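**Student:** First the structure, which I've put down as structure tokens, then a few questions once you've had a look.
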Amino acid sequence: MSLLGADLRAFIAAARKEVRQQRRYPTLFLGQIFWPVLLPASWVLMGRAYSGNDPQALAAFADRAGSSNIAVFVFVGYAMYNWLSVLLWGAGTALRQEQLRGTLEAVFVTPATRLVPLFGPGVGMLLPMAVIFASNFLALRFFFGIFPPIGAVIQAAVIVVLGIPALYAIGALFAASVLRFGEVAPVVQLIRGMFVLACGITFPVAMLPLWAQVWAKILPPTYIVDDIRRILLRGDTIADVAGDVAIVLSLAVVTGILAVAVFRYLEMSARRTGMLGQF
Amino acid sequence: MTAAPAVETKDLVKVFERGRRTIWQRLRREHDKRERFRAVDGIDLVVEPGEIFGLLGPNGAGKTTTMKMLATLLIPTSGTIRVLGIDPLMRPREVRARLGAMLSGERSLYMKLTGRENLEYFAALYHVPPGETKARIEKVLAAAKLADRADDYVERYSTGMRQRLALARALLPDPPLVVLDEPTVGLDPQASRDLRDRVRELKAQGRTVLLTTHYMEEADQLCDRVAIIDHGRIVALDTPAALKRTIRAEEVVHLEIGLDGDESAVIDRLGRSATVARSERSNGTLTVTAHCASARDFVPAAFDAARSTGTTIHHVEVVPVTLEDVFLALTGRALRE
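Protein sequences appear in the order of chains A and B.
Quick note: the first sequence uses the working numbering, first residue 81, plus one each step.
Quick note: the second sequence uses the working numbering, first residue 56, plus one each step.
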């Protein structure tokens, strides 16, 4: 078996290990079923209460958001918020847990590439994400009577998948810092908050000041969220958003190379200072 | 042609910083006041293939730091290392592929996975070929006497079982060299004996074993050669028997002497008949460890010394020479201190 093949197998084993551990706590899945329904539903109801379903208010919203469908706008935003949380912090959380548990050194004395503990467990976290997406979809369907065309849903799912490398790469940057600094969760919370503000997660980017809109243009989530909404709300197709997809993939390549370089540098630093085994 | 040493280090040094440097101090670019100390201070080591080699020393002596440098988890400050003839700094993945390491014992396992699931995961990380994985896992489970508990969660294992599983995991890549950091720490006597038996089996299989311990009996019973390490330096290195011969005593006598005044007179008198390796006074009792050629001659002399200095011997214990005594003779301290 080639080295690449062996590392790929190790990668799959890391994801499988993560899924197995999640399955030992089945009650966690309850939260992944109910919160994705209750929280965005309350925001939708708030939006409707504020607008009073007044056509003028809805038109003003549509002018900024590109659609008057508040429910789909909010649910897509909420789904993306969870998606961002998992992908941005999934790798870091996994590494931090390994560090706290004491298993990180045992993993690091194996010949598997360092990308395995960095990204493998994050792949295992895609399963709960799928549950969250499914809950969102079913809530839209049964509580708000919205039936997005299946073709649009599939295309939105393709955009989600295409966005994974870019978001993982950003997450890997944070994960790398765990090796050197240990607890970096507060920094990640801050960055995630900034992403939520800047990337149009819960409100249209058009609401931001101009300078912030410029910043939003270099953040991959801005494109991913906007493209999904365009497909689900305005009837655009993947071909219509191909330019955005190219930008997201380009950002993924740049961020990915940066993340691997930073990870290698900080791993060497941790091996010099002894931080690898400390927490 | 002679085989290359399993492990070879030359003038190995690891310097750490002690203390804190806050973010505020960094931002203000204040002078770094952290103390730099040498956890490992110039270790020269040659471990021959097929032997059980022990690093014996108290906590903080530099044993684990040395092990971590060999296992590629730490980068030395200076000096050279060869593991199975390979430089771990230049080719770390090759070293990891040939090394079975058990460094943090039971903490290195996933408690919410079964023993078998732990091994499946690590078999993939160790690049065990898929076709061999199942057989390899069954083999190490059987050798660790865990086959009947393989499908239980590790959190339900005893400490001894977890240590055995950690050792089983280290053997997954079928390594020629196994490094064990304090393998029996926290185990009850029976579990310690079981693990030591496993280590002897590894030697019988032709593997080289490098272990650290602060248990003198373990080093004595298990190791072909022992390096006594203190403050990051090797203070003695030889077979356990040869090390024990270096203190030039056949027996060790522990005395507990009751006294009120100055202890120097009685120590001086005892020193005429034996080597006083250690003395410690606590609550009116002077505890003395003396190395002597014959306890039969020394003990009556000790009672004479006590009588002539107005003190009373409350307790006498005669024991054979151990590596603890060697450490005491070399450093003036007990291994436990």
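For glycine and all other residues, C-beta sits at the position ideal for the given N, C-alpha and C.
Bear in mind that the values here come from a model prediction, so they are computed numbers and not experimental data.
Can you list, in chain order, the stretches of the beta strand (DSSP E) that have 3 or more residues and sit fully within the stretch 56 to 83 of chain B?
**Tutor:** 62 to 73
**Student:** As a quick exercise: from V376(B), E161(B) and D229(B), pick the residue whose alpha carbon is nearest that of T301(B).
**Tutor:** Mapped onto the second sequence, residue 301(B) falls at position 246. Answer by Cα proximity: V376(B).
**Student:** With a floor of 3 residues, list each beta strand (DSSP E) that falls wholly inside the stretch 133 to 219 of chain B, ordered by position along the chain.
**Tutor:** 133 to 138 and 154 to 157
**Student:** To which residues of the same chain is Y248(A) closer than 6 angstroms at the C-beta, ignoring the five residues directly before and after it?
**Tutor:** Against the first sequence, residue 248(A) aligns to sequence position 168. Excluding residues within five positions, the ones whose Cβ falls inside 6 angstroms are L167.
**Student:** So V333(A) is in the alpha helix (DSSP H); what residue range does that whole segment cover?
**Tutor:** Counted from its first residue, the first sequence places residue 333(A) at position 253. For V333(A), the enclosing alpha helix (DSSP H) has its first and last residue at A322 to T353.
**Student:** State buried or exposed for A225(B), treating a residue as buried only when at least 16 other CB atoms are found within 10 Å of its CB.
**Tutor:** Indexing the second sequence from 1 puts residue 225(B) at position 170. A225(B) comes out buried.
**Student:** Between P60(B) and L139(B), what straight-line distance do the alpha-carbon atoms span, to the nearest angstrom?
**Tutor:** Taking the second sequence and counting its residues from 1, the one referred to as residue 60(B) is at position 5. Taking the second sequence and counting its residues from 1, the one referred to as residue 139(B) is at position 84. Between P60(B) and L139(B), the C-alpha separation is close to 6 angstroms.
**Student:** Ignoring anything shorter than 4 residues or poking outside the stretch 167 to 200 of chain A, list the alpha helix (DSSP H) runs there in chain order.
**Tutor:** 184 to 188
**Student:** Taking L257(B) as the query, report the chain C residues whose CB atoms sit under 7 angstroms from its CB, ordered along the chain.
**Tutor:** Annotation note: the requested chain C is absent from the structure, which comprises protein chains A and B.
**Student:** Look at the Cβ atom of L265(B), then the Cβ atom of F382(B), and state whether they are nearer than 7 angstroms.
**Tutor:** On the second sequence, residue 265(B) is found 210 positions in, with the first residue counted as 1. On the second sequence, residue 382(B) is found 327 positions in, with the first residue counted as 1. Result no, Cβ atoms of L265(B) and F382(B) do not sit closer than 7 angstroms.
**Student:** Please report the distance separating the alpha-carbon of M157(B) from that of L129(B).
**Tutor:** Reading the second sequence from its first residue, position 102 is the one you call residue 157(B). Reading the second sequence from its first residue, position 74 is the one you call residue 129(B). Taking the straight line joining both Cα atoms gives about 15 angstroms.
**Student:** Given this structure, state the Cα-to-Cα distance separating E90(B) from G74(B), to the nearest angstrom.
**Tutor:** Numbered from 1 along the second sequence, position 35 holds the residue referred to as residue 90(B). Numbered from 1 along the second sequence, position 19 holds the residue referred to as residue 74(B). Cα to Cα, the separation comes out at about 7 angstroms.
**Student:** Give the secondary structure of G157(A) by DSSP, where H, G and I count as helix, E and B as strand, and everything else as coil.
**Tutor:** Position 77 of the first sequence, counted from the start, is the residue given in the question as residue 157(A). Helix at G157(A).
**Student:** With H, G and I counted as helix, E and B as strand and the rest as coil, what does DSSP make of G109(B)?
**Tutor:** Along the second sequence, one-based indexing puts residue 109(B) at 54. G109(B) falls in the strand class under three-state DSSP.
**Student:** Taking its Cβ as the centre, do 16 or more other Cβ atoms sit within 10 Å of I78(B), making it buried, or is it exposed?
**Tutor:** Reading the second sequence from its first residue, position 23 is the one you call residue 78(B). Classification for I78(B): exposed.
**Student:** Taking 7 angstroms as the CB-CB cut-off, is V71(A) touching chain B?
**Tutor:** No information on residue 71(A) is available, as it lies outside the stretch 81 to 359 that chain A covers here.
**Student:** Alpha carbon to alpha carbon, what distance is there between P104(B) and M56(B)?
**Tutor:** Start at 1 with the first residue of the second sequence, and residue 56(B) comes out as number 1. Start at 1 with the first residue of the second sequence, and residue 104(B) comes out as number 49. With a pLDDT of 49 at M56(B), under the threshold of 50, the predicted position of this residue should be treated as unreliable, though the coordinate-derived value follows. If I take the Cα positions, the gap works out to 13 angstroms.
**Student:** T335(A) versus chain B: which residues are under 8 angstroms apart at the beta carbon?
**Tutor:** Taking the first sequence and counting its residues from 1, one reaches residue 335(A) at position 255. Near T335(A) there are no residues of chain B at all, since even the closest Cβ is about 25 angstroms away, more than 8 angstroms.
**Student:** Does any CB atom of chain B fall closer than 7 angstroms to the CB of E178(A)?
**Tutor:** Position 98 of the first sequence, counting from 1, holds the residue named residue 178(A). So no, E178(A) is outside the interface.
**Student:** Count the other CB atoms, across all protein chains shown, that sit within 10 Å of the CB of K200(B); report buried if there are 16 or more and exposed otherwise.
**Tutor:** Residue numbering aside, residue 200(B) sits at position 145 when the second sequence is read from its first letter. Label assigned to K200(B): exposed.
**Student:** Step through the CB atoms of chain A and report whether any lies within less than 7 angstroms of the CB of A152(B).
**Tutor:** The residue given as residue 152(B) occupies position 97 in the second sequence. Closer than 7 angstroms to some Cβ of chain A, the Cβ of A152(B) qualifies, so yes.
**Student:** Helix or strand or just coil, what does DSSP make of R336(B)?
**Tutor:** Here residue 336(B) refers to the residue found at position 281 when the second sequence is read from its first residue. R336(B) falls in the strand class under three-state DSSP.
**Student:** Using a Cβ-Cβ cut-off of less than 7 angstroms, list which residues of the stretch 85 to 104 of chain A approach chain B; keep chain order.
**Tutor:** A86, R89, A90, A93, K97, R100, Q101 and R104
**Student:** Answer with yes or no whether the minimum CB distance from G182(A) to chain B is below 7 angstroms.
**Tutor:** Stepping through the first sequence from its first residue, residue 182(A) is reached at position 102. So, interface residue.
**Student:** Quick one: grab the DSSP three-state call for P135(A).
**Tutor:** Here residue 135(A) is taken as the residue at index 55 of the first sequence, counted from 1. If DSSP states are grouped into helix, strand and coil, P135(A) belongs with the helices.
**Student:** Checking contacts by CB at 7 angstroms: is R351(A) closer than that to chain B?
**Tutor:** Locating residue 351(A) in the first sequence gives position 271, where the first residue counts as 1. It does: the Cβ of R351(A) has a partner Cβ on chain B nearer than 7 angstroms.
**Student:** Any idea what DSSP makes of F92(B), helix, strand or coil?
**Tutor:** As a position in the second sequence, residue 92(B) is number 37, starting the count at 1. Correct three-state label for F92(B): strand.
**Student:** May I have the straight-line CA-CA distance separating T183(A) from I98(B), to the nearest angstrom?
**Tutor:** The residue labelled residue 183(A) in the question sits at position 103 within the first sequence. The residue labelled residue 98(B) in the question sits at position 43 within the second sequence. Rounded to the nearest angstrom, the two C-alpha atoms are 28 angstroms apart.
**Student:** Does the distance from the CB of E347(A) to the CB of P201(A) come in under 7 angstroms?
**Tutor:** On the first sequence, residue 347(A) is found 267 positions in, with the first residue counted as 1. On the first sequence, residue 201(A) is found 121 positions in, with the first residue counted as 1. Cβ atoms of E347(A) and P201(A): not closer than 7 angstroms.
**Student:** For R262(B), which of helix, strand or coil comes out of DSSP?
**Tutor:** The sequence position of residue 262(B) within the second sequence is 207, counting from 1. If DSSP states are grouped into helix, strand and coil, R262(B) belongs with coil.
**Student:** Under 7 angstroms, do V70(B) and G134(B) count as touching if we go by C-beta distance?
**Tutor:** As a working mapping, residue 70(B) is identified with position 15 in the second sequence. As a working mapping, residue 134(B) is identified with position 79 in the second sequence. Not in contact: V70(B) and G134(B) (Cβ atoms no closer than 7 angstroms).
**Student:** Please check if any C-beta of chain A sits within less than 7 angstroms of the C-beta of K200(B).
**Tutor:** Taking the second sequence and counting its residues from 1, the one referred to as residue 200(B) is at position 145. False, the Cβ-Cβ gap to chain A never drops below 7 angstroms.
**Student:** Relative to the alpha-carbon of A278(A), which residue among V268(A), R260(A), L270(A) and W295(A) has its alpha-carbon at the smallest distance?
**Tutor:** By 1-based counting over the first sequence, the position of residue 278(A) is 198. Among V268(A), R260(A), L270(A) and W295(A), the Cα nearest to that of A278(A) is on W295(A).
**Student:** State buried or exposed for W291(A), treating a residue as buried only when at least 16 other CB atoms are found within 10 Å of its CB.
**Tutor:** The count along the first sequence starts at 1 and reaches residue 291(A) at position 211. So W291(A) counts as exposed.
**Student:** Among G146(A), L108(A) and S122(A), which residue has its Cα nearest to the Cα of M287(A)?
**Tutor:** Within the first sequence, residue 287(A) is the residue found at index 207, counting from 1. Ranking G146(A), L108(A) and S122(A) by Cα distance to M287(A) puts G146(A) first.
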